[in-house]
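Scroll down for the structure; my scribbles are underneath it.
So this is what it looks like as structure tokens:
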């Protein structure tokens, strides 16, 4: 089975509740991940107002062009 995110809910700060297509749910804090990335796509996400405006397209994506692999998120 290819792992995908089917839904996500913003909680607070950089914390998101993720729903996977295998029925699992996880709460993840992405602050350390976001702040460790040097790529320009991730720099605007350090602003929580931009971070919390993610979309779902099999994983978390942002209008900045940033995304995070669902497999990575699953293993956090």
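In our numbering, the protein residues as written are 130 to 205.
Ideal placement from N, C-alpha and C gives every residue a C-beta, glycine not left out.
Computed from a predicted structure; not experimentally measured.
Taking 8 Å as the limit between beta carbons, can you name the residues of its chain near residue i, skipping five residues before and five after?
i, result
"residue 133", "149, 150, 187, 188 and 199"
"residue 170", "191, 193, 194 and 195"
"residue 163", "143, 171, 174, 175 and 180"
Classify residue i: buried if its beta carbon has 16 or more other beta carbons within 10 angstroms, exposed otherwise.
i, result
"residue 197", "buried"
"residue 205", "exposed"
"residue 131", "exposed"
What do you reckon, are the CB atoms on residue i and residue j nearer than 9 Å?
i, j, result
"residue 193", "residue 174", "yes"
"residue 146", "residue 153", "no"
"residue 155", "residue 201", "no"
So is the beta-carbon of residue i under 8 Å away from any non-hydrogen atom of the ligand FAD?
i, result
"residue 138", "Of ligands this structure carries none, so the ligand FAD is not represented either."
Please work out which residues of its chain come closer than 6 Å, Cβ to Cβ, to residue i, disregarding the five sequence neighbours upstream and downstream, and give them in chain order.
i, result
"residue 179", "173"
"residue 160", "143"
Among residues of its own chain, excluding the 5 on either side of residue i, which ones have a beta-carbon nearer than 7 Å to its beta-carbon?
i, result
"residue 136", "148 and 185"
In chain order, which continuous runs of the alpha helix (DSSP H) of length 4 or greater are located wholly inside the segment 133-197?
Assignment of alpha helix (DSSP H) within the segment 133-197, counting only whole runs of 4 or more residues, yields 160-165 and 177-180 in chain order.
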